[in-house]
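Undergrad: The numbers in my numbering rise by one with no breaks, and the one at position 122 of the sequence shown is 430. No residue lacks a Cβ here, since even glycine has one placed at the ideal position from N, Cα and C. My questions all concern the structure below.
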Amino acid sequence: MAKPPSKPARTGRKIGQKVKKSKLKASSRRWIERHINDPYVQRARTEGFRARAAYKLLEIDEKHEILKGARRIIDLGAAPGSWSQIAAKVTGSTDTDVRVAAIDFLEMAPVPGVKFFQMDFLDDDAPELLRDALDGPPDLVISDMAAPTTGHKRTDHLRTMYLCEVAAYFAIETLAEGGHFLAKTFQGGAENDLLTMLKQNFKQVVHVKPAASRSESVEMFVLAKSFKGRQTDD
Ligand SMILES: C[S@@+](CC[C@H](N)C(=O)[O-])C[C@H]1O[C@@H](n2cnc3c(N)ncnc32)[C@H](O)[C@@H]1O
Numbered sequence: 309m310a311k312p313p314s315k316p317a318r319t320g321r322k323i324g325q326k327v328k329k330s331k332l333k334a335s336s337r338r339w340i341e342r343h344i345n346d347p348y349v350q351r352a353r354t355e356g357f358r359a360r361a362a363y364k365l366l367e368i369d370e371k372h373e374i375l376k377g378a379r380r381i382i383d384l385g386a387a388p389g390s391w392s393q394i395a396a397k398v399t400g401s402t403d404t405d406v407r408v409a410a411i412d413f414l415e416m417a418p419v420p421g422v423k424f425f426q427m428d429f430l431d432d433d434a435p436e437l438l439r440d441a442l443d444g445p446p447d448l449v450i451s452d453m454a455a456p457t458t459g460h461k462r463t464d465h466l467r468t469m470y471l472c473e474v475a476a477y478f479a480i481e482t483l484a485e486g487g488h489f490l491a492k493t494f495q496g497g498a499e500n501d502l503l504t505m506l507k508q509n510f511k512q513v514v515h516v517k518p519a520a521s522r523s524e525s526v527e528m529f530v531l532a533k534s535f536k537g538r539q540t541d542d
């Protein structure tokens, strides 16, 4: 479905722009330059996506076809909402027939057809609220959650891996049989215990790094396909 952008989108901006030296710190200036010159950012703007993250999901889908046929989707760490936009579209979700539930502790402008909860996914009530928002089990649980960075790499890594693990257990308690789970993890991939657990519950488990995920970023995704279903003694 999605192809990495090869040429700049027509936004009126040119690639290679510099930000004027001002009171900005050099690192902030470099971040802004990279952002405004990023072809994915420009493409998201012209194609109406709220974030360049949209292309990570679309590129993963292009190879693994996880969106095809999805009737209900739960989106964890949804703001600003590009994955929710895609989820609403593929499920045909509307405000009168809601097929997508999403959560983030940040605010998110409404996405038509998406029931959004502004709360921490780690809150005890969150799993039930997300499940109850849909009229049946989801075929897809997607998590782009990343813990807010502290500047301490090891702490940031552990906190995001923890989110990935909690999301994985949620997926196993929630998915419809045959459903898929996609979650952000960090280089090195999901920890062994988590991978073992996923392999026990899904037919296929792979790590993916879409082109839209910056090569210098340690981010990658774990994709668990075809949920085997809950055992009766679970
Ligand atoms: C990379 S952004 C998600 C981008 C989103 N997929 C999109 O397409 O617009 C990660 C999000 O995860 C959220 N997040 C991190 N930890 C969370 C938690 N414990 N509960 C809810 N949201 C969380 C952050 O607030 C942030 O908005």
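Under the DSSP definition of a beta bridge, which residues are partnered with A409?
TA: Beta-bridge pairing links A409 to I382, K423.
Undergrad: With DSSP run on the structure shown, which of helix, strand or coil describes T493?
TA: It is a strand residue.
Undergrad: Under the three-state reduction of DSSP, which class applies to S534: helix, strand or coil?
TA: Note: S534 maps to strand in three-state DSSP.
Undergrad: In three-state DSSP terms, what is K511?
TA: In the structure shown, K511 sits in a strand (DSSP, three-state: E or B).
Undergrad: Roughly how many angstroms lie between the CA atoms of V449 and F478, to the nearest whole one?
TA: If I take the Cα positions, the gap works out to 9 Å.
Undergrad: Report yes if the C-beta of F425 is less than 6 Å from at least one heavy atom of ligand 1; otherwise report no.
TA: No, the beta carbon of F425 sits no closer than 6 Å to any heavy atom of ligand 1.
Undergrad: Please state the DSSP three-state secondary structure of L442.
TA: Three-state result, L442: coil.
Undergrad: Ligand 1 heavy atoms versus the CB of L332: any closer than 6 Å?
TA: No.
Undergrad: Contact check, L506 vs A532 under 8 Å by CB: the rounded distance?
TA: Contact flag correct, Cβ pair sits at about 5 Å.
Undergrad: Please return the same chain residues whose Cβ sits closer than 8 Å to the Cβ of F529, not counting the five positions on each side in sequence.
TA: Excluding positions up to five away in sequence, the list reads K364, I368, L490, A491, K492, T493, H515, V516, K517, P518, S521.
Undergrad: Among residues of its own chain, excluding the 5 on either side of A387, which ones have a beta-carbon nearer than 8 Å to its beta-carbon?
TA: Closer than 8 Å at Cβ, skipping near neighbours: D412, L414, E415, M416.
Undergrad: Return the Cβ separation of I381 and T399 in integer angstroms, given the expectation that the two are a contact with Cβ distance under 8 Å.
TA: About 6 Å separates the two Cβ atoms, so the contact holds.
Undergrad: State buried or exposed for K511, treating a residue as buried only when at least 16 other CB atoms are found within 10 Å of its CB.
TA: Flag for K511 reads exposed.
Undergrad: With a CB to CB cut of under 6 Å and the five nearest residues on each side skipped, what residues in its chain are close to V406?
TA: Around V406: K423.
Undergrad: The beta strand (DSSP E) that contains S390, what's its start and end?
TA: No beta strand (DSSP E) contains S390, which is instead part of the alpha helix (DSSP H) from 390-399.
Undergrad: Does ligand 1 have a heavy atom nearer than 6 Å to the CB of M453?
TA: At least one heavy atom of ligand 1 is nearer than 6 Å to the Cβ of M453, so yes.
Undergrad: Could you spell out the range, first to last residue, of the beta strand (DSSP E) harbouring L448?
TA: Per DSSP, L448 belongs to the beta strand (DSSP E) from 448-451.
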